[in-house]
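Throughout the sequence shown, residue numbering follows my numbering, covering 71 to 587 in sequence. Glycine residues also receive a C-beta, built at the ideal position from the N, C-alpha and C atoms. Remember, predicted model here, so these are calculated numbers, not experimental data.
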Amino acid sequence: MFATIANGYPRGPLPAQPDRLGDADRRFLAGELPAADHAAIVEAFVAEVVHEQARAGLAFLGDGGVRDPDRLLPLTRGLEGLEPGPTATLPTGEIVTAPRLSGPIAWAAPITVAGWTFAAGLTDLPVKQALIGPYTIGRLAAIDAAERPWVTLAIAEALNAELHALAAAGVPVVQVDEDGATAIGDDRAEWELLAAAHRALTAGLETDIVHLSFSALGGAVDRAGFAAVLDRPYRSVLFDALAGPAAWRFALSVPPDRGLIAGAVDAHRPTYDEIEVMVAAMAWAARDGRGEERVGIAPNATLALIDRHYARRKCERMGEAVRIARMGPLQEVADALEPDPAHSQWPELRELAAAVETARSDALAGAVRNGGSVPQLGYAGPAGVAGPFPAPAGDAVESIEPEIRNPSGLHARPAAVFVRAAAASRSRIRVVNLARDGAEADAKSILGVLGLGVSQGSRIRLSAEGEDAAETIARLAGLIVEGLGETMPETGDDAAASQTAAAAPRSADVPPGTGNG
């Protein structure tokens, strides 16, 4: 279980603080502040936002898109062939600068990599990068309707290059925000366009290493669009858990081997969200075999819609909800907080319970219509997105319990090395954080491994089951000892070995053709 922001964050100050960022923006636009000084103030604000999320207890952080006045502007300016146009409003209520065409659309250089690299360097926690998706950008663009299909696909191809650049930089999670998908309804031509755009967007990506997350907020994905989304290699889905039964019908259709992030924190109202609502949303998301390790909590829209004080408090409440949810089996914790959600004192929880019950009833009715063969809502599973490799019965089982010595534990970079090695195995591999109540994850999932929160000095249990189990465990054990690509601090044994090595003859002192023994 984990908490994360959905995408945006307020650019304003906390109460009683001066508006340094707003003042710097005004002075920069007026020509009174040099670009370098403006950039320094922006980066100081990014640091505030990242550290604010970390202190609140969020597991996956983001810069909140605070570098620019709106989150679409960097892509509009960064892609060739687009220029800023009129303002537009997303289904969530977020206001962005829509693009207009100025020539052929192409990717020339990384747009978000430098910003992500700076934010990732501020913390040992994993930092994700959010991008507004090509379908939503095309839907917002100030263009003729006849141009929209080819413009959308051209944007998708250009953003594919940006995703590859982010992957090369080491980003662990990329969230693709397609809020425009919630406005399609059952228009199959539009779903075909979205599907084609996402085939181009995700082409050639190593999704075992870079965790791709699909986000659709501000409404629900219609049943007609389930396959368009779920046939792509998205390993998790962020949905608007407060958008009624239709949103939960989509959520319950997400295969259980993928993550489900419930947008159950109301980003539209400056209120203190109830812990009971968040824990219940995670518990419902974890059912049907998904498990606790694959669920998270988030706001149901950008937090930039409200005052920063309330945005910070909502992050703190999410962190508190996750801490409480981890006090026992998730469903038991949810039942202890509110044994009868349908008649809860909290109206938000009553509404959520009614939405989930309606969606689950629809799922059951669908299963009956299909002879019981489809337990979820009309989506049998993607063609190219497999879960953990199943180990055939009777294969060997190997297990070790190494200590993680990396200074910052299994944070993004060493976790990526670990997952890449695990993904090369044909065995089923599980990793357990023995220092945190036995939290368990699929070793081939970057999101699962990062979500374990393995810190320096923690001992993990690593088990493999399959035909190459022994080789897999030996390979992973060697990588852990070597530091998973990082320099390890010396232990007492290391220091003694270093002194022994220093006392031994150097290779230059040894006559050619002789050994050291």
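Checklist entry - Taking E248 as the reference, which of V136, E402, E164 and R490 has the closest Cα? => result E164
Next on the checklist: Just verifying my parser: in three-state terms, what is the DSSP assignment at V324?
Outcome noted: coil
Checklist entry - What separation, rounded to the nearest whole angstrom, lies between the Cα atoms of E556 and G479? => result 10 Å
Checklist entry - Are the region 88-103 and the region 378-389 touching, with three or more C-beta to C-beta distances below 8 Å? => result no
Item to check | DSSP state of E556 mapped onto helix, strand, coil | outcome: coil
Next on the checklist: On the CB-based measure, 16 or more other CB atoms within 10 Å of its CB, does H481 come out buried or exposed?
Outcome noted: buried
Next on the checklist: Can you look up L480 in the DSSP assignment and give me helix, strand or coil?
Outcome noted: coil
Checklist entry - Counting Cβ pairs closer than 8 Å, one from the region 533-543 and one from the region 482-500, do we hit at least three? => result yes
Item to check | Every unbroken beta strand (DSSP E) within the region 199-262, with a cutoff of 3 residues, ordered by chain | outcome: 199-202 and 243-247
Checklist entry - Ends of the alpha helix (DSSP H) at E535? => result Not the alpha helix (DSSP H): E535 falls in the beta strand (DSSP E), residues I530 to E535.
Next on the checklist: In the DSSP output, what is V166 paired with across the bridge?
Outcome noted: A158
Next on the checklist: Let me check one thing: in DSSP terms, what residues is L330 bridge-paired to?
Outcome noted: V307 and V365
Item to check | Top-ranked residue by Cα proximity to L400, from A355, A176, I225 and H413 | outcome: A355
Item to check | Between the CA atoms of A332 and S323 - distance to the nearest angstrom | outcome: 14 Å
Checklist entry - In or out: V438 buried (at least 16 other Cβ within 10 Å) or exposed? => result Note that V438 scores a pLDDT of 41, beneath 50, so its modelled location is shaky and nothing firm can be said.
Checklist entry - Taking DSSP as the reference, what is the three-state secondary structure of T372? => result coil
Checklist entry - Is the Cβ-Cβ distance between A178 and E217 less than 7 Å? => result no
Checklist entry - CA-CA distance, R328 and E362? => result 11 Å
Checklist entry - Is DSSP giving P139 helix, strand or coil here? => result coil
Checklist entry - With a CB to CB cut of under 6 Å and the five nearest residues on each side skipped, what residues in its chain are close to N77? => result A200, D247 and T372
Item to check | Alpha carbon of A298 to alpha carbon of G250, nearest angstrom | outcome: 13 Å
Next on the checklist: Are the CB atoms of P161 and T222 within a distance shorter than 7 Å?
Outcome noted: no
Next on the checklist: Tell me the DSSP secondary structure of E473 in three-state form.
Outcome noted: strand
Item to check | Neighbour-count burial assignment, A73, 16 or more Cβ in a 10 Å radius | outcome: buried
Checklist entry - To which residues of the same chain is P83 closer than 6 Å at the C-beta, ignoring the five residues directly before and after it? => result D89
Item to check | Stretch pair the region 189-206 + the region 307-319: three plus CB contacts closer than 8 Å | outcome: no
Item to check | Neighbourhood of A412 by C-beta distance below 8 Å, restricted to the same chain and skipping five residues each side | outcome: R420, A423, A424 and E427
Next on the checklist: Measuring only the C-alpha atoms, how far is P462 from A534?
Outcome noted: In this predicted model, P462 has a pLDDT of only 41, less than 50, meaning its place in the structure is not dependable enough to derive any value.
Item to check | Pick from A311, L233, D138 and A266 that is closest to V349, judged by C-alpha positions | outcome: A311
Checklist entry - When we look at the beta-carbon of H121 and count the other beta-carbons within 10 Å, is it buried (16 or more) or exposed? => result exposed
Next on the checklist: From the DSSP secondary-structure annotation, give me the bridge partner or partners of A73.
Outcome noted: I367
Checklist entry - Beta carbon of A239, beta carbon of G155: below 7 Å? => result no
Checklist entry - If you drop the 5 nearest sequence neighbours on each side, which residues of the same chain put their C-beta closer than 7 Å to that of A224? => result I175
Checklist entry - Would G583 be called buried (16 or more neighbouring beta carbons within 10 Å of its own) or exposed? => result Summary for G583: the model assigns pLDDT 34, below 50, so the residue's position carries little reliability; its value from the coordinates is reported in the next sentence. G583 should be labelled exposed.
Checklist entry - What are the residues that DSSP puts in a beta bridge with R500? => result D512 and S533
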